[in-house]
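Student: Residue numbers (our numbering): 164 to 411. Just so you know, even glycine gets a beta-carbon here, dropped at the ideal spot from N, CA and C. For clarity, every value in this text was computed on a predicted model and none was experimentally measured.
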Amino acid sequence: MIIKIDGKECTCESGEFLIDIAKRNDIFVPTLCSMKPVLLDRGCCRVCVVELTENSRSKIVVSCIYPVERECEVFTQSEKAVRERGMVLALLKLLAPDAKLITQMAKAYHAPELERLEPRADGGSCILCGRCVDACNLLGTSAIAAMNRGVTKEINTAFGAPATTCIGCTSCAQVCPTDAISFEETDSTRTIWNQSFELAHCEICGEILGTAASLKHAANITGDEPSSLCPKHERRNSAKSLASIYRR
Ligand code: SF4
Ligand code: FES
Numbered sequence: 164m165i166i167k168i169d170g171k172e173c174t175c176e177s178g179e180f181l182i183d184i185a186k187r188n189d190i191f192v193p194t195l196c197s198m199k200p201v202l203l204d205r206g207c208c209r210v211c212v213v214e215l216t217e218n219s220r221s222k223i224v225v226s227c228i229y230p231v232e233r234e235c236e237v238f239t240q241s242e243k244a245v246r247e248r249g250m251v252l253a254l255l256k257l258l259a260p261d262a263k264l265i266t267q268m269a270k271a272y273h274a275p276e277l278e279r280l281e282p283r284a285d286g287g288s289c290i291l292c293g294r295c296v297d298a299c300n301l302l303g304t305s306a307i308a309a310m311n312r313g314v315t316k317e318i319n320t321a322f323g324a325p326a327t328t329c330i331g332c333t334s335c336a337q338v339c340p341t342d343a344i345s346f347e348e349t350d351s352t353r354t355i356w357n358q359s360f361e362l363a364h365c366e367i368c369g370e371i372l373g374t375a376a377s378l379k380h381a382a383n384i385t386g387d388e389p390s391s392l393c394p395k396h397e398r399r400n401s402a403k404s405l406a407s408i409y410r411r
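#1: Under 6 Å, CB to any heavy atom of ligand 2. Which residues pass, going along the chain?
#2: V212 and V231 - do their beta-carbons sit closer together than 8 Å?
#3: Out of G178, S219, V237, E217, which one is the CA nearest neighbour of I190?
#4: Identify which residue in L254, G287, A382 has its Cα closest to the Cα of R279.
#5: On the three-state DSSP scale, how would you describe L215?
#6: Does the separation of the CB atoms of V415 and S226 fall below 8 Å?
#7: The beta strand (DSSP E) spanning L362 covers which residue range?
#8: Name the one or two DSSP bridge partners that K167 has.
#9: Which same chain residues end up closer than 7 Å to I413 when comparing Cβ atoms and leaving out the 5 residues on each side of it in sequence?
#10: Kindly indicate which three-state DSSP category A343 falls into: helix, strand or coil?
#11: Alpha carbon to alpha carbon, what distance is there between G249 and S288?
#12: Can you find a heavy atom of ligand 1 that lies under 7 Å from the Cβ of T341?
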């Protein structure tokens with residue numbers, strides 16, 4: 164099937180998400196919640212909205228979760244798409260007034276100032292997309308979740324207390340599009356979600372491998388012993404063992 168995006172003919176399979184077709188054809192669509200390539204739900208921020216015309220009817224669609232089923236024409240920069248994206252960013256800026264990326268995007272995409280609405284009172288950078296929670300659940304740790312409702316909704320551990328299931332792996336921070344989750348690290352400990360974790364180091368070069376708890380968790384899943392070497396020395400060790408087999 165062939166669809167047109169910003170005047171360019173793009174070949175695609177039925178059911179492919181619009182944003183993936185655009186990306187493959189070097190057509191840029193701004194994104195937030197689908198920006199880091201991990202297997203998590205998309206469709207939470209609506210920054211990737213575009214205008215789609217089908218059978219002479221036009222509508223705004225969320226491109227990262229819109230499966231293309233039939234021929235259509237898409238406009239990423241039409242007046243309607245630009246206006247909708249600007250409004251989405253203006254609202255996200257109120258929700259996460261401290262998120263630098265959102266402030267930059269709001270400026271770049273001409274988001275209107277919504278003077279009658281107040282920014283979230285407790286500030287912060289979280290847009291409540293839920294990617295961190297999904298990442299934690301995928302690991303089987305489920306240490307964080309959305310707490311409270313309405314304007315007090317936030318991502319946290321239960322009652323903000325150290326979670327017994329947290330392994331300090333920072334997966335939540337890594338998938339966060341707005342860098343809303345912070346952690347601190349010294350040479351021996353990592354502190355995240357009000358909890359400190361002991362760090363494990365490569366036995367040979369001393370490189371940080373991760374928290375001891377996260378290595379143990381990974382080992383429990385794979386059935387191996389917790390790793391004690393960095394990838395470089397792990398490779399060297401396997402090469403040495405193979406060489407010794409050949410020498411026998
Ligand atoms: S902390 Fe980050 S990943 Fe988690 S909900 Fe907030 S913005 Fe999304
Ligand atoms: S990038 Fe599509 S909804 Fe967030």
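Tutor: By the coordinates alone:
#1: In chain order, the hits are T194, L195, C196, S197, R205, G206, C207, C208, R209, V210, C211, V225, C227.
#2: no
#3: Proximity to I190 across G178, S219, V237, E217 peaks at V237, based on C-alpha coordinates.
#4: L254
#5: strand
#6: As displayed, the chain neither begins before 164 nor continues past 411, which places residue 415 out of reach and without an answer.
#7: 358 to 364
#8: Looking at the DSSP assignment, K167 forms a beta bridge with E172, E236.
#9: Not covered by the structure: residue 413. The range shown for the chain is 164 to 411.
#10: coil
#11: 18 Å
#12: Because some heavy atom of ligand 1 lies under 7 Å away, the Cβ of T341 counts as near it: yes.
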